[in-house]
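Visitor: Numbering (the numbering used here) for the sequence shown: 6 to 486.
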Amino acid sequence: MAYEQILMRNCREGGDPSIKQYKAAGGYQALDKALAMKPDELVEFVKGANLRGRGGAGFPAGVKWSFLPPNRTVTYLCVNADESEPPTFCNRVLMEHDPHMLLEGIIIAGYATRTTVAYIYMRGEFTEQFHVLQKAIDEAYADGLLGKNIRGSGYDMECYIHRGAGAYVCGEETGLIESLEGKRGWPRIKPPFPAVEGLFHKPTVVNNVETLACVPHILTRGLDWWNGLGTQNSKGTKMYCVSGPVNRPGCYEAPLGITTRELIYGKDFGGGMRDNMKVKTVAPGGISMGFLRGDMFPKPDGGKVDVTRDCDELDCLLDFDDPRHYGLLGLGTAAAVVVAEDTDIRDVLFNVTRFFSHESCGQCTQCREGTGWMHRVAARIRDGAGRQYDLDLLAEITKNMGMMPGLSICGLPDGAAFPIRTLVQKFRPEFEKRIGEQQADAAKRRILQTNPAAYDLPILQGRAVQPAGGTYMTPEKLKRN
Numbered sequence: 006m007a008y009e010q011i012l013m014r015n016c017r018e019g020g021d022p023s024i025k026q027y028k029a030a031g032g033y034q035a036l037d038k039a040l041a042m043k044p045d046e047l048v049e050f051v052k053g054a055n056l057r058g059r060g061g062a063g064f065p066a067g068v069k070w071s072f073l074p075p076n077r078t079v080t081y082l083c084v085n086a087d088e089s090e091p092p093t094f095c096n097r098v099l100m101e102h103d104p105h106m107l108l109e110g111i112i113i114a115g116y117a118t119r120t121t122v123a124y125i126y127m128r129g130e131f132t133e134q135f136h137v138l139q140k141a142i143d144e145a146y147a148d149g150l151l152g153k154n155i156r157g158s159g160y161d162m163e164c165y166i167h168r169g170a171g172a173y174v175c176g177e178e179t180g181l182i183e184s185l186e187g188k189r190g191w192p193r194i195k196p197p198f199p200a201v202e203g204l205f206h207k208p209t210v211v212n213n214v215e216t217l218a219c220v221p222h223i224l225t226r227g228l229d230w231w232n233g234l235g236t237q238n239s240k241g242t243k244m245y246c247v248s249g250p251v252n253r254p255g256c257y258e259a260p261l262g263i264t265t266r267e268l269i270y271g272k273d274f275g276g277g278m279r280d281n282m283k284v285k286t287v288a289p290g291g292i293s294m295g296f297l298r299g300d301m302f303p304k305p306d307g308g309k310v311d312v313t314r315d316c317d318e319l320d321c322l323l324d325f326d327d328p329r330h331y332g333l334l335g336l337g338t339a340a341a342v343v344v345a346e347d348t349d350i351r352d353v354l355f356n357v358t359r360f361f362s363h364e365s366c367g368q369c370t371q372c373r374e375g376t377g378w379m380h381r382v383a384a385r386i387r388d389g390a391g392r393q394y395d396l397d398l399l400a401e402i403t404k405n406m407g408m409m410p411g412l413s414i415c416g417l418p419d420g421a422a423f424p425i426r427t428l429v430q431k432f433r434p435e436f437e438k439r440i441g442e443q444q445a446d447a448a449k450r451r452i453l454q455t456n457p458a459a460y461d462l463p464i465l466q467g468r469a470v471q472p473a474g475g476t477y478m479t480p481e482k483l484k485r486n
């Protein structure tokens, strides 16, 4: 089914990201409407839209704006364009193809929160997007949309781009603020929350790129239109990413609430699997949210649904609520990572643990040590030295890392634990089979060490083995000897 393209209407190859083209398509009309309202009225309007943050947490933007102290003198707006969740690229597409949509949302949000300075914290690897967005900012200044007395309203706003260095943890709002201040990007203990004490110890609003890009459309087309899109608690449209062995990997837009199956197999989305392969597993919200199976599987108890029947996990709705019913952490960034049936589940486990072990900032013990432990166990399983109780060990580590509240400063331990927990829970029989094969393989190698004549065991074909003498030899060398 084809859906109206709202955020991605200008996101096409060869498109024109200039201010002239944006204005010709009706751009900056929402800003005029916003400037005709009082800031507090604008905040209430956005609250009425229930615009939930698109960066992963899903916290309502209007509610976040309302947390700012009423008698503040200085307020900052930080735009989170770090986008480090593998493999998410929605924000990159928006900034490259329609930068003025983002700028209009930034100016409106700044006016609503009485912010005079906005910082766009951009992932350092986004070289092309940086140049496109900086050119758009220059155009906005030249057109009187940034700077002093915007559109004769008396409202002033400055906008700057700050480029990060690619640290995953700087996607967390307080880690972003620390990095923006020139410090190591370590998340802060909360409270105080950024709305009370954020950048340079002043009240600060932190919003995601896609969240702010939605604001002009809500103002232009109204609350009734916006609330008519999506599901009951997840209103509006969303940009979805699809990667993996699908026919049409890329970024697509649809109302919140489409199924994972439609995202993978829909002709207007992923277009199905290459070579008619089957889906083994998929992480529909980025790897930190956890994994679904590609076949029938008993539904985990989400506390809100009937769990007595089997279900097809690809029927999971991609909104802010339904993924939790399937044992996931949430919707996340809505970046689907599709894994085909011919992929070894041990490799999936290893790659996920390696990423989080590398990206942990090391500030909290259970995250620093837990991610490292999980990676070492996953490496042991992948390399053929796994033991059956390693699966219980992984489950215990994830429980102590991400299932107990108040153990860490930020949410990275949860994001590291949920994918491992869901992989072990949903693919345990396959892990047990692989580990059993590894143990049988090891037993045969021990036989060979004491009996080199057993070189022709099938398990040894093409592998290096070590006879009793201690020198590594291939089966071919053993035959010659």
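Ideal Cβ placement from N, Cα and C applies to all residues, glycine included.
#1: Checking the sheet assignment: what are the DSSP bridge partners for Met-244?
#2: With a CB to CB cut of under 7 Å and the five nearest residues on each side skipped, what residues in its chain are close to Ala-384?
#3: In angstroms, rounded to a whole number, what distance separates the CA positions of Lys-38 and Lys-153?
#4: Secondary structure at Gly-307, three-state DSSP: helix, strand or coil?
#5: Please state whether DSSP places Asn-252 in a helix, a strand or coil.
#6: According to DSSP, Asn-405 sits in a beta bridge with which residue or residues?
#7: What is the residue span of the alpha helix (DSSP H) that Glu-109 lies within?
#8: Using the C-alpha atoms, what's the distance from Gln-134 back to Asp-311?
#9: Report yes if the C-beta distance between Gly-262 and Ala-340 is below 8 Å; otherwise report no.
#10: Hey, which unbroken runs of the alpha helix (DSSP H) at 4 residues or more fall wholly within the stretch 288–372?
#11: Tell whether a beta-carbon distance below 8 Å holds between Gly-367 and Arg-373.
#12: Would a C-beta distance cut-off of 8 Å place Ala-112 and Ile-155 closer than the cut-off?
#13: Which class does Lys-207 belong to by DSSP, given the choice of helix, strand or coil?
#14: Which residues bound the alpha helix (DSSP H) around Asn-232?
#15: What residue does the beta strand (DSSP E) around Ala-86 start on, and which one ends it?
#16: Skipping 5 residues on each side, what residues in its chain have a beta carbon closer than 6 Å to that of Tyr-270?
#17: Distance check for Arg-77 and Asn-55, CA to CA, integer angstroms please.
#18: Between the C-alpha atoms of Arg-59 and Ile-350, what's the straight-line distance to the nearest angstrom?
#19: Compare the C-alpha of Gly-32 against each of Glu-435, Met-106, Glu-178 and name the closest.
#20: Do you know offhand how far Leu-336's Cα is from Ala-62's?
#21: For Glu-18, does the three-state DSSP call read helix, strand or coil?
#22: Restricting to Cα atoms, I'd like to know which of Ser-362, Gly-249, Asp-229 is closest to Lys-240.
#23: In angstroms with no decimal places, state the Cα-to-Cα distance between Leu-224 and Leu-428.
#24: Does DSSP classify Cys-175 as helix, strand or coil?
#25: What are the residues that DSSP puts in a beta bridge with Tyr-394?
#26: Going by the CB atoms, is the gap between Val-344 and Val-251 shorter than 8 Å?
#27: Please report the residue range of the beta strand (DSSP E) in which Ala-123 lies.
#28: Where does Asn-281 sit, in a helix, a strand or coil, going by DSSP?
#29: What is the DSSP secondary structure of Asn-154, counted as helix, strand or coil?
#30: Could you tell me the boundaries of the alpha helix (DSSP H) in which Arg-266 lies?
#31: Taking Cβ positions, are Leu-412 and Gln-371 nearer each other than 8 Å?
#32: Considering only DSSP beta bridges, list what Met-162 is partnered with.
#33: Among the residues of its own chain, which have a CB less than 8 Å from the CB of Ser-437, if the five just before and after it don't count?
#34: Rounding to the nearest angstrom, what Cα-Cα distance links Val-284 and Glu-258 in this structure?
#35: Note down, in chain order, each residue of its chain lying with its Cβ closer than 8 Å to the Cβ of Ala-218, except the 5 sequence neighbours on either side.
#36: Tell me, which residues are paired with His-167 by DSSP?
Guide: In short, the structure shows the following:
#1: Against the sequence shown, residue 244 aligns to sequence position 239. Looking at the DSSP assignment, Met-244 forms a beta bridge with Glu-258.
#2: Along the sequence shown, read from residue 1 onward, the residue named residue 384 stands at position 379. Result list for Ala-384: Phe-355, in chain order.
#3: Position 33 of the sequence shown, counting from 1, holds the residue named residue 38. Position 148 of the sequence shown, counting from 1, holds the residue named residue 153. Roughly 19 Å separates the two Cα atoms.
#4: Here residue 307 refers to the residue found at position 302 when the sequence shown is read from its first residue. Low confidence applies to Gly-307: its pLDDT is 45, below 50, so where it sits in the model is not reliable, and the reading given next is rough at best. In the structure shown, Gly-307 sits in coil (DSSP, three-state: anything other than H, G, I, E or B).
#5: The residue given as residue 252 occupies position 247 in the sequence shown. Three-state result, Asn-252: coil.
#6: Within the sequence shown, the letter at position 400 stands for residue 405. Per the DSSP secondary-structure output, Asn-405 pairs with nothing in a beta bridge.
#7: Walking along the sequence shown from the start, residue 109 turns up at place 104. Its alpha helix (DSSP H) spans residues 104–117.
#8: Taking the sequence shown and counting its residues from 1, the one referred to as residue 311 is at position 306. Taking the sequence shown and counting its residues from 1, the one referred to as residue 134 is at position 129. Because the pLDDT of Asp-311 is 39, which lies under 50, any placement of that residue in the model is unreliable, and the number read from its coordinates should be weighed accordingly. A straight-line Cα-Cα distance of about 46 Å links Asp-311 and Gln-134.
#9: Numbered from 1 along the sequence shown, position 257 holds the residue referred to as residue 262. Numbered from 1 along the sequence shown, position 335 holds the residue referred to as residue 340. Inclusion of Gly-262 and Ala-340 in the CB contact set at 8 Å is not warranted, their separation being larger than that value.
#10: 327–330, 350–364, all fully within the stretch 288–372.
#11: For the purposes of this step, residue 367 is taken as residue 362 along the sequence shown, with counting starting at 1. For the purposes of this step, residue 373 is taken as residue 368 along the sequence shown, with counting starting at 1. Their beta carbons are under 8 Å apart, which means Gly-367 touches Arg-373 by this criterion.
#12: In the sequence shown, counting from the first residue as 1, residue 112 sits at position 107. In the sequence shown, counting from the first residue as 1, residue 155 sits at position 150. According to the sequence displayed, residue 112 carries Ile and not Ala. Yes, they are a contact pair.
#13: Here the question's residue 207 lines up with position 202 in the sequence shown. DSSP places Lys-207 in coil when its eight states are reduced to three.
#14: The residue labelled residue 232 in the question sits at position 227 within the sequence shown. Unbroken alpha helix (DSSP H) run through Asn-232: 228–232.
#15: Numbered from its first residue, the sequence shown carries residue 86 at position 81. According to the DSSP assignment, Ala-86 belongs to the beta strand (DSSP E) that extends over 81–86.
#16: By 1-based counting over the sequence shown, the position of residue 270 is 265. Cβ contact annotation for Tyr-270 (same chain, cutoff 6 Å, sequence separation greater than five): Gly-277, in chain order.
#17: Within the sequence shown, residue 55 is the residue found at index 50, counting from 1. Within the sequence shown, residue 77 is the residue found at index 72, counting from 1. So the alpha carbons of these two residues sit roughly 25 Å apart.
#18: Taking the first residue of the sequence shown as position 1, residue 59 is located at position 54. Taking the first residue of the sequence shown as position 1, residue 350 is located at position 345. Taking the straight line from one Cα to the other gives about 29 Å.
#19: Counted from its first residue, the sequence shown places residue 32 at position 27. The option with the nearest alpha carbon to Gly-32 is Met-106.
#20: By one-based count along the sequence shown, residue 336 stands at place 331. By one-based count along the sequence shown, residue 62 stands at place 57. So the alpha carbons of these two residues sit roughly 8 Å apart.
#21: Here residue 18 corresponds to residue number 13 of the sequence shown, with the count starting at 1. Residue state, collapsed to three classes: coil.
#22: Your numbering for residue 240 matches position 235 in the sequence shown. Comparing Cα positions, the closest option is Asp-229.
#23: In the sequence shown, the residue the question calls residue 224 occupies position 219. In the sequence shown, the residue the question calls residue 428 occupies position 423. CA-to-CA, the gap between Leu-224 and Leu-428 works out to about 42 Å.
#24: On the sequence shown, residue 175 is found 170 positions in, with the first residue counted as 1. Reduced to three states, the DSSP call for Cys-175 is helix.
#25: Position 389 of the sequence shown, counted from the start, is the residue given in the question as residue 394. DSSP lists no partner for Tyr-394.
#26: Within the sequence shown, residue 251 is the residue found at index 246, counting from 1. Within the sequence shown, residue 344 is the residue found at index 339, counting from 1. With respect to the 8 Å criterion, Val-251 and Val-344 are not classified as neighbours on the basis of their beta carbons.
#27: For this step, residue 123 is matched to residue 118 along the sequence shown. Here the beta strand (DSSP E) through Ala-123 covers 122–127.
#28: Numbered from 1 along the sequence shown, position 276 holds the residue referred to as residue 281. Asn-281 falls in the helix class under three-state DSSP.
#29: Start at 1 with the first residue of the sequence shown, and residue 154 comes out as number 149. DSSP places Asn-154 in coil when its eight states are reduced to three.
#30: On the sequence shown, position 261 is the one that residue 266 refers to. Counting along the chain, the alpha helix (DSSP H) containing Arg-266 begins and ends at 265–270.
#31: For the purposes of this step, residue 412 is identified with residue 407 of the sequence shown, where counting begins at 1. For the purposes of this step, residue 371 is identified with residue 366 of the sequence shown, where counting begins at 1. Closer than 8 Å, so yes.
#32: Counted from its first residue, the sequence shown places residue 162 at position 157. For Met-162, which the question treats as bridged, DSSP gives the partners Gly-152.
#33: For the purposes of this step, residue 437 is identified with residue 432 of the sequence shown, where counting begins at 1. Checking the sequence shown, residue 437 turns out to be Glu, not Ser. Contacts found: Gln-393, Leu-396.
#34: Residue numbering aside, residue 284 sits at position 279 when the sequence shown is read from its first letter. Residue numbering aside, residue 258 sits at position 253 when the sequence shown is read from its first letter. One C-alpha to the other measures close to 22 Å.
#35: Walking along the sequence shown from the start, residue 218 turns up at place 213. Once the five neighbours on either side are set aside, the close Cβ partners of Ala-218 are Leu-12, Leu-99, Asp-103, Met-106, Leu-107, Gly-110.
#36: Residue numbering aside, residue 167 sits at position 162 when the sequence shown is read from its first letter. In the DSSP secondary-structure assignment, His-167 is bridged to Tyr-126.
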